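For reference, the structure is listed below as C-alpha cells.
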Amino acid sequence: MNRSPTVLRPVRAKASVFCYALTGRRDKHYSIPRALPSYGRKIFNLKSELFINMDRFINKNLPKISLYQPFHFHIVDNLMFINSLSFIFQSYLCPKIQPMALFNHKISLIEIIREIPDSALSRIARDSHVDYYCKLLSGKLIFYLLLYGMLRVDRLSQRGLSDAFSSPMFKLIFDTKGKKSVSRSSISDRLASIEIDFFAQAYDCIYTRFSSLYTSNEIERFHLQRIDSTLVSEASNKLSQGMTCGNAHEKKKMLKYTIGFDGTFASCFEMFNEESYASESLAMPKIILGHFRKVKDHACVYLFDRGLSSAGKLGLLNAEYGLHFVGRLNENRKLEIISKSPVREQDFTYGELLQDSQARIFGMEEKITRTGKTSRVLVLQPEIYRVVRFKPKNGEEDILLITNILDASADEIASMYKRRWDIEVFFRFLKQELNFSHFLSLNENGIQVVLYMTMITAMLVMIYKRENEIGYKTAVRRMGIELENLVMAILVVKSGGDLRKVDLPDP
1 MNRSPTVLRP VRAKASVFCY ALTGRRDKHY SIPRALPSYG RKIFNLKSEL
51 FINMDRFINK NLPKISLYQP FHFHIVDNLM FINSLSFIFQ SYLCPKIQPM
101 ALFNHKISLI EIIREIPDSA LSRIARDSHV DYYCKLLSGK LIFYLLLYGM
151 LRVDRLSQRG LSDAFSSPMF KLIFDTKGKK SVSRSSISDR LASIEIDFFA
201 QAYDCIYTRF SSLYTSNEIE RFHLQRIDST LVSEASNKLS QGMTCGNAHE
251 KKKMLKYTIG FDGTFASCFE MFNEESYASE SLAMPKIILG HFRKVKDHAC
301 VYLFDRGLSS AGKLGLLNAE YGLHFVGRLN ENRKLEIISK SPVREQDFTY
351 GELLQDSQAR IFGMEEKITR TGKTSRVLVL QPEIYRVVRF KPKNGEEDIL
401 LITNILDASA DEIASMYKRR WDIEVFFRFL KQELNFSHFL SLNENGIQVV
451 LYMTMITAML VMIYKRENEI GYKTAVRRMG IELENLVMAI LVVKSGGDLR
501 KVDLPDP
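Residue 366 in UniProt numbering sits at position 366 of the sequence shown, and the numbers go up by one each step.
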C-alpha cells in the first residue's frame with residue numbers, strides 16, 4: 001500500500017554533518033562534494049522511482065548540485081532516503097575523498113604519473129613495432145623500468161636496472177607479470193636493439209600534453225627557448241665514436257648533448273659524436289632550425305651564449321621569417337654602426353646601458369688568393385642587427401648582446417638574456433640528480449634511448465618541483481618517498497585492509 005507523502009519543513013544540512021553520516025569521519029582533511037539537491041526539486045517516491053531511475057536521477061541533478069540548500073524528504077521514508085543518498089554519495093560522488101597528501105603538496109607524484117597517457121603508449125608501441133619478436137622486455141616495460149630506475153636507483157647501471165626489475169616495489173607499481181627476474185645482459189641487448197622511434201614518439205606525446213598544461217609565456221608575447229650544450233665523457237674509453245673537444249691527451253671520448261630548454265621542460269635535444277660538431281656554430285643552429293621548422297606560428301625567442309658567434313650562421317637564423325633570437329658576442333667584436341638610439345632616456349635595470357644601436361657585423365670568409373691558396377678574411381655581412389652593450393651591476397666586463405628583435409626595449413632584451421642561465425641550472429640537475437653524467441649504455445642506440453627517458457623523467461620532476469615550490473634534490477627525494485607510500489597502499493588494498501586506518505592515499 002502506497003502512503004501519501006508527508007513533507008516536513010526544509011532542513012538545512014552542513015557538509016560536516018553529511019560527511020560524518022556518510023563516511024563516519026569528521027576529519028578536517030576530508031571534503032564532501034556539493035551534492036545536495038536544490039530547493040524546490042520534485043519529491044521522489046523513493047521506493048518506486050529512486051532505484052529504478054538512478055542513472056536519470058544522477059544525470060539530472062548532478063549538474064545543478066548546490067551546498068547548504070534545503071531539501072525535502074518523506075516522513076515515512078526518511079531512513080530510506082538517507083541510505084539512498086549515502087549510496088549516491090559513495091558510489092558516484094565520493095571517489096575523490098582522500099586523506100591529506102603526504103607532504104601537504106599541491107600535486108602528488110601519482111597525479112603526475114596518471115597524466116602519462118598509457119593508451120597512447122600502447123598505440124605508439126603498436127605503430128612503431130617496438131615489440132616485434134620480443135617476449136619479455138616490451139617497449140612499455142623498458143619505458144617504466146627506466147623511469148622507475150632514474151627516480152629510485154642511485155648511480156643507475158644495467159645491474160641496477162636488473163635488481164629494480166626484481167624488486168617487489170616495481171612489480172606492484174607497474175603490475176608486471178611473467179618472469180620474476182631479468183639478467184643484465186638481456187637489458188644491455190634490448191637497449192642496443194630496441195626501436196628508438198617508440199621513445200621519440202612517446203616523448204613528443206608526453207611533452208605536448210604537459211607543455212599545454214604547465215608552460216606559459218615568461219615575457220609578454222614571447223616564449224623563451226634557452227639553447228646550450230653539455231659534454232659527457234667516458235673514462236674507460238669504450239665508446240665506439242666520440243669527440244675529444246680539445247682534450248690534449250685525447251684519452252677520453254666525449255658525447256655532446258645540445259638541448260633546448262623552455263624554462264620548464266627540454267623542448268628539443270640531440271646527441272652529437274662527430275668531431276665537426278664540437279663547434280657550437282654547427283650544433284646550435286641545427287637544433288634551433290629543427291625546432292623552429294617543426295612548430296610553426298609560435299612566438300619563441302632563442303637564447304644562446306658566445307658559442308654561436310659565426311656571422312654566417314647568425315645570418316642563416318635571421319633569414320628564417322619569424323625566428324627571433326638574442327645572443328652574446330665577444331666584447332671586442334668588430335661592428336659597423338648604422339644608427340644609434342639615445343641611452344640616457346631609457347629605463348635600464350641591469351646596470352649601466354652603454355649602447356643601443358643598429359649595426360652590421362664582420363665575419364670570416366674563405367677566399368682564394370691569386371696564388372691559388374685559401375685564406376680567411378674579415379668581410380662585412382649584409383644583415384642588420386640590433387646590438388645592446390651594458391656594464392652589469394656587479395662590475396664585470398661589458399656584455400654585448402646581438403638580436404634581430406627591433407621593437408623591444410633594451411631592458412627587455414637584457415631581461416631575456418638573463419633567463420638563459422636557467423639552462424645551466426637544468427644541466428646541473430640532470431647530472432647530479434638523474435645520473436646524466438655517466439653512460440647507462442655505451443651503444444649508440446642505447447644512449448639515444450636513455451637520453452629520451454632522461455628528458456621524460458626530468459619533465460615529471462620539474463612539474464613536481466615547480467607546482468610544489470621545492471628544490472630539485474628535495475623533489476627527487478620526496479618522489480621516492482611517495483613511491484614507497486604507493487606500494488604500501490597497494491599492499492593494503494590487495495590484502496583487504498582499510499586505507500583510512502593507516503592514512504594512505506587510494507592507489
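By construction, the Cβ of each residue, glycine as well, lies at the ideal position given by its N, Cα and C atoms.
All figures in this text were calculated on a predicted structure; none of them were measured in a lab.
Buried versus exposed call for residue i [16 or more other C-beta atoms within 10 Å across all chains shown]
i	result
H291	buried
G395	exposed
Q241	exposed
I423	buried
K238	exposed
E433	buried
E484	exposed
R114	exposed
residue 551	In the structure as shown, the chain starts at 1 and stops at 507, and residue 551 therefore has no counterpart that could be examined.
N83	Here the model assigns N83 a pLDDT of 45, short of 50, so the residue's position is not dependable, and the following value carries that caveat. When all chains shown are included, N83 counts as exposed.
K96	Bear in mind that a pLDDT of 41 at K96, under 50, signals an unreliable position, so the number given afterwards is only what the model happens to contain. Exposed, by the Cβ-count rule.
F439	buried
G322	exposed
A299	exposed
K465	buried
L504	buried
V461	buried
residue 516	Summary: the structure shown does not reach residue 516, with the chain confined to residues 1 through 507, and so no result is reported for it.
CB-CB length for residue i against residue j, believed under 8 Å
i	j	result
F304	I361	Not a contact, Cβ separation roughly 15 Å.
E397	N318	In fact, because the Cβ distance is near 26 Å, the residues do not count as touching under 8 Å.
V492	V502	6 Å
D118	A125	In fact, because the Cβ distance is near 10 Å, the residues do not count as touching under 8 Å.
K179	E467	About 37 Å separates the two Cβ atoms, so there is no contact after all.
I116	I206	6 Å
F325	T208	Contact flag wrong, Cβ pair sits at about 24 Å.
F426	F261	5 Å
N435	M150	7 Å
Residue from the options with nearest C-alpha to residue i
i	options	result
S309	L255, F261, E331	E331
I447	A164, I112, N273, R159	N273
L141	Q201, A200, K177, V153	K177
S267	M364, Y203, L323	Y203
E320	F439, F436, L289, V461	L289
A450	L156, D127, R419	A quick correction: the sequence has Val, not Ala, at residue 450. When each option's Cα is compared against that of V450, the closest is L156.
T264	F429, R477, G497, E444	F429
Y417	E365, S281, I194, R306	R306
L380	K373, T371, K393, I337	I337
Y385	K391, G327, V295, T371	G327
Own chain partners of residue i with C-beta closer than 6 Å, once the 5 adjacent residues on each side are dropped
i	result
A458	none
F269	I259
residue 516	In the structure displayed, the chain extends from 1 to 507; residue 516 sits before or after that span and is not available.
L109	M479, E482
L400	L329, E331, R389
S495	none
T23	The pLDDT assigned to T23 is 40, lower than 50, so where the model puts this residue is not dependable; a value taken from the coordinates is nonetheless given after this. So the list is empty, once near-sequence residues are dropped.
S281	L308, S310, K313
E366	T374, R376
C-beta atoms of residue i and residue j nearer than 8 Å
i	j	result
L146	M453	yes
L213	V232	no
S186	L137	yes
F143	L121	yes
V301	L224	yes
L335	V387	yes
E275	K252	no
I463	I112	yes
A200	S441	no
A283	Y350	no
F170	S181	no
M271	Y257	yes
K159	R184	Note that residue 159 is Arg in the sequence shown, not Lys. For R159 and R184, yes; Cβs fall inside 8 Å.
F222	S128	no
Cut-off 8 Å between Cβ atoms - residues of its own chain near residue i, not counting five sequence neighbours on either side
i	result
P285	L308, K313, L316, L317
residue 520	Only positions 1 to 507 of the chain appear in this structure, which leaves residue 520 out of reach.
S339	S357, Q358
D498	V492
7 Å Cβ shell around residue i - same chain, five flanking residues per side excluded
i	result
D347	D411
A408	none
S279	none
F103	R478
I287	I227, T258, G260, C268, E270
Distance cut-off 7 Å: residue i Cβ against heavy atoms of the ligand ADP
i	result
R155	The ligand ADP is absent from the structure shown, which contains no ligand whatsoever.
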